[in-house]
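2 protein chains.
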Amino acid sequence: MNYRFSDTIESFKSSAVREILKLTQGKSIISLAGGLPNEQYFPIEAVKDAFARVFDEGKQVLQYGLTEGFTPLREDIAKHLERKNIRVGIDEMLLTTGSQQAIDLLTRVYIDPGDIILVERPTYLAAIQIFQSRKANIISVDCDDEGMILSDLEAKIKRHNPKMIYVIPTFSNPSGKVWSLERRQGTLELCKRSNVLILEDDPYGELRFGGGEAMPSLFSLDEHPGGCVVYTSTFSKIVAPALRTGWIIGDPQLIVHMTRAKQAADLHSSSMDQQALHQLFLHFDLYGHIDLVRREYEGRMRQMVELLKQQDWPDTRWIEPKGGMFIWLEMPERINTEELLKLAVQEGVAFVPGVSFFATEPQYNTMRLNFTHTDSQQMIEGIERLNRAIRKVL
Amino acid sequence: MNYRFSDTIESFKSSAVREILKLTQGKSIISLAGGLPNEQYFPIEAVKDAFARVFDEGKQVLQYGLTEGFTPLREDIAKHLERKNIRVGIDEMLLTTGSQQAIDLLTRVYIDPGDIILVERPTYLAAIQIFQSRKANIISVDCDDEGMILSDLEAKIKRHNPKMIYVIPTFSNPSGKVWSLERRQGTLELCKRSNVLILEDDPYGELRFGGGEAMPSLFSLDEHPGGCVVYTSTFSKIVAPALRTGWIIGDPQLIVHMTRAKQAADLHSSSMDQQALHQLFLHFDLYGHIDLVRREYEGRMRQMVELLKQQDWPDTRWIEPKGGMFIWLEMPERINTEELLKLAVQEGVAFVPGVSFFATEPQYNTMRLNFTHTDSQQMIEGIERLNRAIRKVL
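Taken in order, these protein sequences are the chains called A and B.
Every letter in the first sequence is one number past the one before it in the UniProt record's numbering, and letter 2, counting from 1, is 2.
Every letter in the second sequence is one number past the one before it in the UniProt record's numbering, and letter 73, counting from 1, is 73.
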């Protein structure tokens with residue numbers, strides 16, 4: 001038959017980049033492209049034990065669960081958030097299938113077609129996709145090394161009357177940067193004044209390098225309940241992605257509506273994973289584990305920064321990340337990284353061209369490199385291969 | 001702040017019924033309301049072993065998985081479907097968070113606001129909710145004990161040019177009925193002729209009573225690929241709901257678009273659950289287990305039917321289900337089951353009033369009773385309590 005798809009499928013188009021990256025699967029290509037945590041640090045014995053303990057509770061562990069998520073795990077997360085100066089009750093939290101679903105559910109209940117959403121320039125590509133599928137108008141706010149530039153944010157709020165802004169203020173994907181306190185407070189102030197909801201996406205916040213103090217989240221700087229910040233995070237980067245468990249916190253009104261949307265979307269996320277994560281909170285040194293992952297990722301980051309310095313590519317700029325999983329490179333204007341990727345794949349290395357991370361007016365001379373997934377030898381070889389590809393286009 | 005929700009939240013409103021049923025939680029109320037499988041038959045030892053085996057595969061089991069779902073499990077399901085005369089490759093299948101998510105994803109990629117969807121009268125309430133949240137126009141087709149009445153379906157296809165029809169032809173929720181072969185073939189024929197997509201929802205098909213032959217699915221009667229049927233089912237009723245794993249099969253074009261929509265919605269469903277289900281296929285007698293559940297549920301159904309016969313309520317009609325989890329009652333016109341529910345809860349028993357299962361023009365004198373979740377004594381007591389409530393309104 002002749003299928004009559006909805007208009008929405010346009011926004012779910014597979015990008016040229018994704019098609020190129022697909023080609024790299026299964027081949028001896030070193031990938032600096034993905035956003036994968038390193039398997040080496042998955043606490044598999046602890047997770048195995050956690051699942052075994054779940055079954056000790058009896059057959060009811062296999063029954064349908066609450067849409068809101070497994071109550072003891074919501075309590076664990078609330079306690080975990082106290083360490084970040086966030087105080088919420090379990091009725092202010094919804095558990096989701098990764099934080100990706102949190103973005104999707106908030107978009108469903110808060111955004112109508114034609115609404116304006118402001119985002120960082122650049123920002124997380126899968127968030128752009130969700131907003132586009134909802135037919136929102138996405139407008140980028142100019143950013144520097146400290147976060148959104150407040151004058152540009154203010155001007156764009158005035159001009160466009162946005163309903164929401166979406167930000168990753170801590171160890172951003174793709175740029176790896178961390179916003180200064182002044183930008184956090186300024187953004188909050190501007191949004192409060194104009195009744196703009198802030199979606200604060202914080203998947204990487206725990207992956208902080210250098211042992212210093214964490215920057216306060218926008219959520220913790222805001223009043224609550226009744227505030228203008230909704231905050232989402234995930235266990236994917238601090239425990240393991242396969243368990244697909246994220247959470248979103250915010251005013252109970254927002255949580256109630258998202259919970260109803262989730263009930264229609266999938267009833268609830270895996271209860272097995274949620275129950276196992278609760279057992280991990282009870283019987284595993286999660287914070288010791290996070291410290292280990294931080295140290296290891298920081299070592300990899302330092303190695304990659306050293307390797308990049310050695311290459312001496314002309315007019316190439318990056319910020320040394322203070323956490324997270326990525327280094328963001330700006331190269332000479334004449335380099336189009338989508339074209340470069342084809343050569344790089346021929347040389348046996350992959351990265352993500354920056355173009356996908358721009359909601360509008362892409363910068364074609366940018367790329368995102370992941371430093372968490374490759375081991376030391378692979379990283380050396382990967383950067384060498386990348387260098388060979390870059391030398392070809394220079 | 002003053003939250004500015006999207007129009008969509010209207011369709012996710014909590015129903016009066018849900019609010020009443022919430023009141024029943026934790027109290028000594030016997031629930032004939034839910035759609036819960038019986039915990040007693042959850043194969044907990046096998047599931048526990050399955051998870052343990054997953055971890056024996058090594059740390060990579062905790063990494064991100066494919067959006068399409070764990071490949072070996074898709075192969076298992078394809079093989080499982082051969083028993084039902086369905087032959088599909090793994091590129092014609094997407095794994096989802098329960099079949100609920102399958103309905104949601106198809107709706108996202110196939111339905112635009114204002115599109116017409118035909119449904120059975122009555123039909124699954126959470127499907128109605130998804131379609132409404134997409135702002136589709138839902139039109140009910142008249143049904144009798146054999147399924148949709150073909151003359152009404154034909155007239156409504158001509159009149160409304162629907163894009164899709166949604167059906168549960170085997171042991172329907174809520175009506176428990178099974179469509180005749182003639183209605184299956186007739187529906188397929190009418191939809192093919194008018195280019196109408198059929199979403200065949202089959203969560204209960206395996207729960208067949210009486211040991212007879214299964215009715216062929218609409219999917220198996222259609223050509224494939226390129227056919228007009230998309231088919232969804234789940235492990236929730238044959239293994240356990242906590243594992244939240246369903247699947248949808250159809251033409252690869254449809255699967256590709258749903259996969260992209262799923263990538264934006266949640267990247268992928270729990271890989272832990274999918275990998276454990278694969279281990280169950282390898283090391284557990286799933287079909288022996290399904291036989292056990294069938295026998296036990298059939299016994300409970302017979303008990304409930306006997307109890308209902310004993311009550312001698314006036315002008316009350318039901319079909320003895322040939323499978324599934326529910327009995328659907330039509331009572332005297334003067335009984336409004338939403339009003340009855342309040343009295344029933346006072347007596348200590350709950351059911352679902354039929355009104356929620358109608359997309360339009362609800363029949364207020366209907367109710368859905370679940371027979372799978374209560375044990376024998378509870379069921380006797382539950383029907384007695386229901387009888388007391390009914391006697392009050394008669």
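Glycine residues also receive a C-beta, built at the ideal position from the N, C-alpha and C atoms.
Because the structure is a prediction, the values reported are computed rather than measured.
On the DSSP letters alone, give me the boundaries of the beta strand (DSSP E) that residue i sits inside.
i                      : result
B/I238                 : Note, B/I238: premise wrong, no beta strand (DSSP E); not H, not E.
A/M367                 : 366-370
residue 396 of chain B : A query on residue 396 of chain B cannot be resolved here, the shown segment of chain B reaching from 1 to 394 and no further.
B/E189                 : That residue, B/E189, is in no beta strand (DSSP E); its alpha helix (DSSP H) goes 181-193.
A/V167                 : 164-167
B/D201                 : 197-201
Looking only at its chain, what residues have a beta carbon closer than 8 Å to the beta carbon of residue i, apart from the 5 residues adjacent to it on each side?
i      : result
A/V47  : V239, A240, L243, A276, L280
A/L81  : R87, V88, I249
A/T337 : M331, F351, P353, G354, V355, Y364, N365, T366, M367
A/Q263 : T67
A/K156 : L118, I139, V141, P162
A/L181 : M215, P216
Which stretch, first to last residue, makes up the alpha helix (DSSP H) that contains residue i?
i                      : result
A/E347                 : 337-347
A/F326                 : No alpha helix (DSSP H) holds A/F326; the beta strand (DSSP E) holding it covers 326-330.
B/N387                 : 376-393
A/D222                 : Taken as a continuous stretch (DSSP letters only), A/D222 belongs to no alpha helix (DSSP H), as it is neither H nor E.
residue 482 of chain A : In this structure chain A extends from 1 to 394, so residue 482 of chain A is not present and cannot be described.
B/I290                 : 286-311
A/Q263                 : 252-266
B/E45                  : 44-56
A/I77                  : 71-82
B/I157                 : 150-160
B/L66                  : Looking at the DSSP string, B/L66 is not in any alpha helix (DSSP H), and its letter there is neither H nor E.
A/F281                 : 271-283
According to DSSP, what are the bridge partners of residue i?
i      : result
B/C228 : Answer is none; B/C228 lacks a bridge partner.
B/P353 : B/M367
B/T360 : According to DSSP, which records beta bridges pairwise, B/T360 is partnered with nothing at all.
B/T96  : B/G246
B/R208 : B/G323
A/N38  : Paired residue(s): none; A/N38 is not in a bridge.
B/E120 : B/V141
B/R317 : B/E330
B/S31  : B/A350
B/T170 : B/V178
A/G114 : DSSP lists no partner for A/G114.
B/G147 : B/D144
If contacts are defined as beta-carbon pairs under 8 Å, then residue i and residue j qualify, I think. What distance do you get, rounded to the angstrom?
i                      : j      : result
A/G98                  : A/S236 : 6 Å
B/A126                 : B/Q100 : 6 Å
B/V393                 : B/L340 : 6 Å
B/L95                  : B/Q274 : 6 Å
B/T8                   : B/S133 : 5 Å
residue 395 of chain B : B/T372 : Outside the shown range of chain B (1 to 394) lies residue 395 of chain B, about which nothing can therefore be said.
A/Y231                 : A/D202 : 6 Å
Using a Cβ-Cβ cutoff of less than 7 Å, which residues in the same chain neighbour residue i once the five nearest sequence positions on both sides are dropped?
i      : result
A/H278 : F70, P72, L73, D76
A/M164 : Y110, I111, I117, V196, L197, L199
B/R183 : E146, G147, M148, L150
A/H160 : I116, I139
B/P225 : E92, D251, P252
A/T374 : I30, L32, G382
B/L343 : A389, K392, V393
B/I380 : L307
A/S233 : S99, D202, P203, G205, G246, W247
Enumerate in chain order the residues of its own chain whose CB-to-CB distance from residue i is below 6 Å, with the five nearest sequence positions on each side excluded.
i      : result
A/D152 : V141, D142
A/K135 : P113
B/R53  : Q279
A/D315 : P332
B/T259 : T67, E68, L94
A/V229 : I198, E200, L218, F219, D222
query = Using 8 Å as the threshold, is the stretch 352-365 of chain B in touch with the stretch 378-393 of chain B, meaning 3 or more CB pairs across them?
reply = Verdict: no, contact absent.
message = Check whether the stretch 103-110 of chain A and the stretch 138-150 of chain A touch, using three or more Cβ-Cβ pairs below 8 Å as the test.
response = By the criterion of at least three beta-carbon pairs nearer than 8 Å, the stretch 103-110 of chain A is not in contact with the stretch 138-150 of chain A.
query = Per the contact definition of three or more C-beta pairs closer than 8 Å, is the stretch 316-325 of chain A in contact with the stretch 196-210 of chain A?
reply = A contact exists between the stretch 196-210 of chain A and the stretch 316-325 of chain A.
ask   = Counting pairs of Cβ atoms below 8 Å between the stretch 324-343 of chain B and the stretch 174-181 of chain B, do you hit three or more?
value = Touching, yes, given that three or more Cβ pairs across the two stretches are closer than 8 Å.
query = Below 8 Å, can you find three or more Cβ-Cβ pairs linking the stretch 289-300 of chain B to the stretch 34-54 of chain A?
reply = Judged by Cβ distances under 8 Å, the stretch 289-300 of chain B makes no contact with the stretch 34-54 of chain A, as fewer than three pairs qualify.
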